[in-house]
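Start counting the sequence shown at 50; every next residue gets the next number (the working numbering).
Glycine included, C-beta positions come from ideal geometry on N, C-alpha and C.
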Amino acid sequence: MKCFKNVSKMYKLRLIRKKIMKILLITDTQFGMCDDNLSSKKWSKIAKSWSLPSSGIEKEKQNLKYFIDYTNKENPDLVIHCGDIVNRINNNIPLNEYMNLIKSLNPIPIYHVPGNHDVGSDPNIASYSGLDFYRSNFGKDYYSFKKEGSQFIFLNSSLFINYRKLKSEFEAQNKFLKEILIDLNRDTNILIFLHHPPYINENDLSESQSEYLLGDKPIDYWIFPEEIIKDFFNLVKPFKNSVIYSGHLHSNLITSYKGIKIVVTSSLGLPLGEDNSGFRILEIDKKNIKDNFVEVPD
Ligand SMILES: [Fe+2]
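The structure is reproduced here in structure tokens:
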């Protein structure tokens, strides 16, 4: 144990000396998803294996506890949650469970963005009351800061998905994004964190991903509407080193849009594809952005 502690200390010192920032990323904790999907034909097998003999939320809690213990040992600079924190905004029990557990990360800061399940009682449609729910529990749904020369941008992807219905909110977020990017040096690392991947190249999906993602849903359930994809990427394109991190698919995927890398991370909660539940470790210095997926043991 002592030996591990020393290795971890030496590793941390190496990161500090090399000015490497370490970030842990989780997504789709989605507390309550198991219980809510027990009767679903599509997901009942996995949900049942997670739910029995105790309630489904126990496994969701167990995975978050594993992550919190891991994080407290690793002591990263910060933690990011890419959304779908809970499955249903009108069920207080999973939300309270999440809030109680996540406190134990303190003093390591955690930054959230909302998923589609966090901003609407119907996860397919974001609503003003859903935005109120998110903002009153987690604060701003889009914001940004600069750290060690990298610009961190957190976005509410549901405003892109619902851009017609929530027009003024969508426009306000777009204005915010443009204002941040306009004055930035083109050499700045740009890291965007949001829930939906803005774009997926269907050729990058594995066979099983194509099956479960596109079997009964069109591709636009998972990504931005076609008519706004180009405008979004045009804002990011001038920067040499930019990566977009998302969740939503409950499996891992690396894809790109005209050379801009998009990294999708599997869920810390219920997985839907071949990948296990897990989280991602990011190491960032002035020139490089590296990341690596870590599985949570069964
Ligand atoms: Fe989602």
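Start and end of the beta strand (DSSP E) containing residue i?
i, result
"Gly132", "It is not in any beta strand (DSSP E) - Gly132 carries neither H nor E in the DSSP assignment."
"Ser199", "Ser199 to Phe203"
"Tyr160", "Ile159 to His161"
"Phe242", "Asn238 to Phe242"
Among residues of its own chain, excluding the 5 on either side of residue i, which ones have a beta-carbon nearer than 6 Å to its beta-carbon?
i, result
"Phe182", "Ile138"
"Glu218", "Leu208"
"Ile333", "Met70 and Ser199"
"Lys335", "Gly198"
"Ile303", "Val312"
"Leu204", "Tyr191 and Leu243"
"Gly327", "Ser315, Phe342, Val343, Glu344 and Val345"
"Cys52", "Bear in mind that a pLDDT of 45 at Cys52, under 50, signals an unreliable position, so the model cannot answer this."
"Asp133", "Asp77, Gln79, Gly164 and His166"
"Ile293", "Ile241 and Ile311"
Based on DSSP bridge pairs, tell me the residues matched to residue i.
i, result
"Met70", "Ile333"
"Lys195", "Gln200"
"Phe328", "Val343"
"Leu127", "Ile72"
By the DSSP assignment, the alpha helix (DSSP H) with residue i in it spans what residues?
i, result
"Tyr119", "Gly105 to Glu123"
"Asn141", "Asn141 to Ile151"
"Asn353", "Nothing about residue 353 can be reported from this structure: the residues present for the chain run from 50 to 347 only."
"Asp84", "Met82 to Asp85"
"Leu154", "Per DSSP, Leu154 belongs to no alpha helix (DSSP H) and is neither H nor E."
"Leu208", "Ser207 to Ile210"
"Ser217", "Lys216 to Ile231"
Enumerate in chain order the residues of its own chain whose CB-to-CB distance from residue i is below 7 Å, with the five nearest sequence positions on each side excluded.
i, result
"Asp236", "Lys289"
"Asn337", "none"
"Ser153", "Ile117"
"Gly188", "none"
"Leu215", "Ala175 and Leu208"
"Gly264", "none"
"Ser100", "Cys83, Asp84 and Leu87"
"Glu146", "Phe80, Ile106 and Lys110"
Near residue i, what residues of its chain come up, given a Cβ to Cβ distance below 8 Å and the 5 sequence neighbours on each side ignored?
i, result
"Tyr306", "Pro247, Tyr248, Asn250, Ile278 and Phe282"
"Ser170", "Arg137, Ile138, Asn139, Ser176, Ser178 and Gly179"
"Tyr212", "Phe219, Pro274 and Ile277"
"Leu186", "Leu is not the amino acid found at residue 186; the sequence shown has Asn there. These residues qualify, in order along the chain: Leu144 and Met148."
"Ser295", "Thr76, Cys131, Ser206, Phe242, Leu243, His244, His245, Pro246, Pro247, Ile311, Val312, Val313 and Thr314"
"Met50", "Note that Met50 scores a pLDDT of 42, beneath 50, so its modelled location is shaky; the value from the coordinates is reported in the next line. Result list for Met50: empty, nothing under 8 Å."
Report the start-end ranges of each alpha helix (DSSP H) in the region 245-310 that is 4 residues or longer and not cut off at the edges. Runs of the alpha helix (DSSP H) inside the region 245-310: 256-263 and 275-285.
For the pair the region 246-259 and the region 320-330, tell me if three or more CB-CB distances fall below 8 Å. The region 246-259 vs the region 320-330: in contact.
Can you list the alpha helix (DSSP H) stretches of 4 or more residues lying completely in the region 163-188, in chain order? You should have 177-187.
Contact the region 265-279 vs the region 226-233: 3+ CB pairs below 8 Å: Taking one beta carbon from each stretch, the region 265-279 and the region 226-233 have fewer than 3 pairs nearer than 8 Å; the two do not touch.
Kindly confirm or deny that the region 160-172 and the region 339-347 touch, where touching means at least three C-beta pairs closer than 8 Å. Using a Cβ-Cβ distance cut-off of 8 Å, the region 160-172 and the region 339-347 are not in contact, since fewer than three pairs of beta carbons, one from each stretch, lie closer than that value.
Examine the Cβ distances between the region 78-86 and the region 281-288 and report whether three or more of them are shorter than 8 Å. No contact exists between the region 78-86 and the region 281-288.
Spell out a yes or no on whether the region 139-158 and the region 108-128 are touching, meaning 3 or more CB-CB pairs, one atom from each, closer than 8 Å. Touching, yes.
Give me every residue whose Cβ sits closer than 6 Å to any heavy atom of ligand 3, in chain order. The model on display carries ligand 1 but not ligand 3.
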